[in-house]
Amino acid sequence: MIRFSRSNDIRSWGGVLRAPHQVARPLWRDDLPRALVAARDEGLHLLATGLRRSYSDTCLNPDGALLEMTSLDRAIFFEPELRILRAEAGVSFDTLLKMLIRRGLFLPVTPGTRFVTLGGAIANDVHGKNHHRAGTLGRWVKRIGLLRSDGTELELTPQDNTGLFAATIGGLGLTGIITWAEIEVMSIGSAIMEAENIPFANLDEFFQIAQESEGYEYTVSWIDCLAKGKDLGRGLFTRGNHASKGARLPSNAEPKLTMPLNFPAFILNRLSIGAFNGLYYWNGKRKAGREAVPIHPFFYPLDAIGHWYRMYGRAGMYQYQSVVPPENERDATKAMLETISTAGEGSFLAVLKTFGDRLSPGMLSFPRPGTTLALDFPNRGEVTLRLMGRLDAIVREAGGRLYPAKDGRIPADMFRAGYSQWEDFAQHVDPHFQSHFWKRVAQ
Ligand SMILES: Cc1cc2nc3c(=O)[nH]c(=O)nc-3n(C[C@H](O)[C@H](O)[C@H](O)COP(=O)(O)OP(=O)(O)OC[C@H]3O[C@@H](n4cnc5c(N)ncnc54)[C@H](O)[C@@H]3O)c2cc1C
Numbered sequence: 293m294i295r296f297s298r299s300n301d302i303r304s305w306g307g308v309l310r311a312p313h314q315v316a317r318p319l320w321r322d323d324l325p326r327a328l329v330a331a332r333d334e335g336l337h338l339l340a341t342g343l344r345r346s347y348s349d350t351c352l353n354p355d356g357a358l359l360e361m362t363s364l365d366r367a368i369f370f371e372p373e374l375r376i377l378r379a380e381a382g383v384s385f386d387t388l389l390k391m392l393i394r395r396g397l398f399l400p401v402t403p404g405t406r407f408v409t410l411g412g413a414i415a416n417d418v419h420g421k422n423h424h425r426a427g428t429l430g431r432w433v434k435r436i437g438l439l440r441s442d443g444t445e446l447e448l449t450p451q452d453n454t455g456l457f458a459a460t461i462g463g464l465g466l467t468g469i470i471t472w473a474e475i476e477v478m479s480i481g482s483a484i485m486e487a488e489n490i491p492f493a494n495l496d497e498f499f500q501i502a503q504e505s506e507g508y509e510y511t512v513s514w515i516d517c518l519a520k521g522k523d524l525g526r527g528l529f530t531r532g533n534h535a536s537k538g539a540r541l542p543s544n545a546e547p548k549l550t551m552p553l554n555f556p557a558f559i560l561n562r563l564s565i566g567a568f569n570g571l572y573y574w575n576g577k578r579k580a581g582r583e584a585v586p587i588h589p590f591f592y593p594l595d596a597i598g599h600w601y602r603m604y605g606r607a608g609m610y611q612y613q614s615v616v617p618p619e620n621e622r623d624a625t626k627a628m629l630e631t632i633s634t635a636g637e638g639s640f641l642a643v644l645k646t647f648g649d650r651l652s653p654g655m656l657s658f659p660r661p662g663t664t665l666a667l668d669f670p671n672r673g674e675v676t677l678r679l680m681g682r683l684d685a686i687v688r689e690a691g692g693r694l695y696p697a698k699d700g701r702i703p704a705d706m707f708r709a710g711y712s713q714w715e716d717f718a719q720h721v722d723p724h725f726q727s728h729f730w731k732r733v734a735q
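Per this note's numbering, numbering of the sequence shown is gapless, rising by one per residue and ending at 735.
Here it is in C-alpha cells:
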C-alpha cells in the first residue's frame, strides 16, 4: 500500500519557494506502479524527486504530488572490470562513490555536491569540472528504466529512435519515473588529486589560462564578483588530474560542520560579502601553486558544511547560471560582472568555467560550448529580481541560456528562446507528470 500524505514545508535548495506538498516515499520498485494508481485515484499529477539539490522549482510540484525516490538506492549490477554500474535511481552519488573509489573507479561526471541521486543527476544532465573533456553525465548513460503513468515500463538506450531517451536525459523528471539507470564509470589511479591553483588578475588572463589548461582533466575557477575597476574579473583558477599513485581510501567523509540556524538577512551584505571575496582572493594568491588534495575536498568543498543554504536565511537565495557562446563569451562575461559589482549584490560562490564542445545528448541539456558563470544571490525580493533581469538582457543578447535546475525564475520566453527543442521535448512529456517550473514556462 502506498499513500500520499501532506508535508508542510517542502523546499528546493534555493529555498525561495516553500510550499506544502502531497508526498509518497516508495521503498521498492514494485511500489511505483501502485504509486501511479494512487496518484491517478486522487487526481494528482506526479513528479519524482531525488535529494532536492536543485536550487530552482524544477523539483517542486505544489499543485500535484512528489514521489521521493531516495529509498530506491540499491545497486542492481556492478561489474568493476567492465566499468559498468546499474543502480536504482534514488541511490546517491555519495553511496556510489563509497563503492567505486576503493576499487579504483570514479563517476565519469559529477556536480559540485555528492548529495544528488542518480535519477536526479540524469534528469538534469549534470555537468562537472571535466565538461571540456567528458561532456555531460548523459553521455555516459547506457540504459535507463523508465516507468510511464500508463504503467508501461520502457528500457531506453542511446540508440533509441523515438526521441524518448533524448527527452529523458535532462528531461527534468517530466517524461516519467526513472526507476534505474546504467552508467559507464571511469578508472582512477588513486583517491588523491594533483591540483594547481593559479590566481588571475582579470578576464583576459582567465581565458588564457583556460586555453592552456585544456589538457587537464578538471578545470574550474572562483571569481571575485564584487571586484571593480582594474580588479574586475580577478579570481583563482584550479586545474587538476587524478594522481596515478597513492592511497585508495574508502570514501566515507561526512560533513564536518553543520550550519545551525538560518542567518538573519542583515549578516549578508555588500560589506561582508565584499570582505569575504577580497580575503579569499588574497589568501588564494598567497597559497598559489601545486598541491596534492584528497578527492572529496577537490570535488565537493561545499559538502563539508551541512545545510549551508541556511546562511541565506529564511528568504533563501537565487542561483543564476548562464552559458554564452564562444563568440560573445568575453564581452558578455565582462558585462555581467560589471553589472553585478555595480549593483553590489554578489555572492561568495561565483564560479566561472569554459565548457567544451562535446554535444549533450538531452533535448533540454543546459551545457553548450562557451563560458558558464554561476553565482548565488541572497533573495532580497524586487532588488534581486531587477538585477537578474539586467543579467538576462546580457545573456539574451549574447545568444546564451540559463540552467533550469539552478534558476527558479527563468522567464518563460527566455527558456523557450534558449532551448530551441522545447516543443519537440513537450511531445514526450508524460500527460500525468508536471512541475512548478514546467507549468510556469510551457503551459
Ligand atoms: C552545492 C551544489 C553544487 C552543485 N553543482 C552542480 C554542478 O557542478 N553541475 C550541475 O550540473 N549541477 C550542480 N548542482 C545541481 C545538482 O547537481 C542538480 O540539481 C541535481 O540534478 C540534483 O539532484 P537531486 O537528486 O537532488 O535531484 P532533485 O533536485 O530532487 O530533482 C532534479 C530533477 O530530477 C528529477 N528527478 C529526480 N529523480 C528522478 C527520477 N527518479 N525519475 C525522474 N526524474 C527524477 C526531478 O523531477 C527534477 O526535475 C549543484 C547543486 C548544489 C546544491
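The beta-carbon is built from N, C-alpha and C at its ideal position, and this holds for glycine as well.
This structure is a prediction, so every number in the text was calculated from the model and none was measured.
Quick check on the burial criterion: 16 or more other C-beta atoms within 10 angstroms. Buried or exposed for residue 345?
buried
Would you say the stretch 441-454 touches the stretch 392-410, given that touching needs at least three Cβ pairs under 8 Å?
no
So, helix, strand or coil for residue 365, using DSSP?
coil
By alpha-carbon positions, which one of 449, 705, 663, 581 ends up nearest to residue 628?
663
Can you check whether the CB of residue 494 is closer than 8 Å to the CB of residue 528?
no
Give a yes or no on whether the C-beta atoms belonging to residue 348 and residue 699 are separated by under 8 Å.
yes
Under 7 Å from any heavy atom of ligand 1, does the C-beta of residue 517 make it?
no
To the nearest angstrom, report how far apart residue 328 and residue 382 are at their CA atoms.
17 Å
If you measure from the CB of residue 403, is any heavy atom of ligand 1 nearer than 7 Å?
yes
At what residue ranges does the stretch 469-527 contain a whole run of the beta strand (DSSP E), taking only runs of 3 or more?
469-476, 484-492, 510-515
May I ask you to list the residues that DSSP assigns as paired with residue 436?
448, 473
Is residue 665 close to ligand 1? I mean its beta-carbon at under 7 Å from any heavy atom of the ligand.
no
Across the stretch 646-657 and the stretch 458-465, are there enough close Cβ pairs to call them in contact, namely three or more that are closer than 8 Å?
yes
Distance, residue 573 Cα to residue 331 Cα
51 Å
Say the cut is 7 Å; is the CB of residue 344 nearer than that to a heavy atom of ligand 2?
In the structure shown, ligand 2 is absent; the only ligands present are ligand 1.
By Cβ distance, which residues of its chain are closer than 6 Å to residue 710, with the 5 residues on each side in sequence left out?
693
Does the distance between the C-beta of residue 420 and the nearest non-hydrogen atom of ligand 1 fall short of 7 Å?
yes
If I'm right that residue 535 touches residue 486 with Cβ under 8 Å, what's the distance once you round it to whole angstroms?
5 Å
Mind checking which residues open and close the beta strand (DSSP E) that includes residue 663?
662-670
Pairing CB atoms from the stretch 384-398 with CB atoms from the stretch 573-585, are three or more of them under 8 Å?
no
Do residue 437 and residue 470 have their C-beta atoms closer together than 8 Å?
yes
Where the alpha helix (DSSP H) through residue 293 begins and ends
No alpha helix (DSSP H) contains residue 293, which DSSP labels as neither H nor E.
Distance CB(residue 340)-CB(residue 313) smaller than 8 Å
no
Confirm the yes/no value for this check: CB of residue 727, any heavy atom of ligand 1, distance under 7 Å.
yes
In chain order, which continuous runs of the alpha helix (DSSP H) of length 4 or greater are located wholly inside the stretch 318-387?
323-333
Note down, in chain order, each residue of its chain lying with its Cβ closer than 8 Å to the Cβ of residue 423, except the 5 sequence neighbours on either side.
401, 645, 647, 648, 650, 659
For ligand 1, any of its heavy atoms closer than 7 Å to the Cβ of residue 341?
yes
Are there three or more Cβ pairs, one per stretch, closer than 8 Å when the stretch 621-636 is compared with the stretch 712-730?
no
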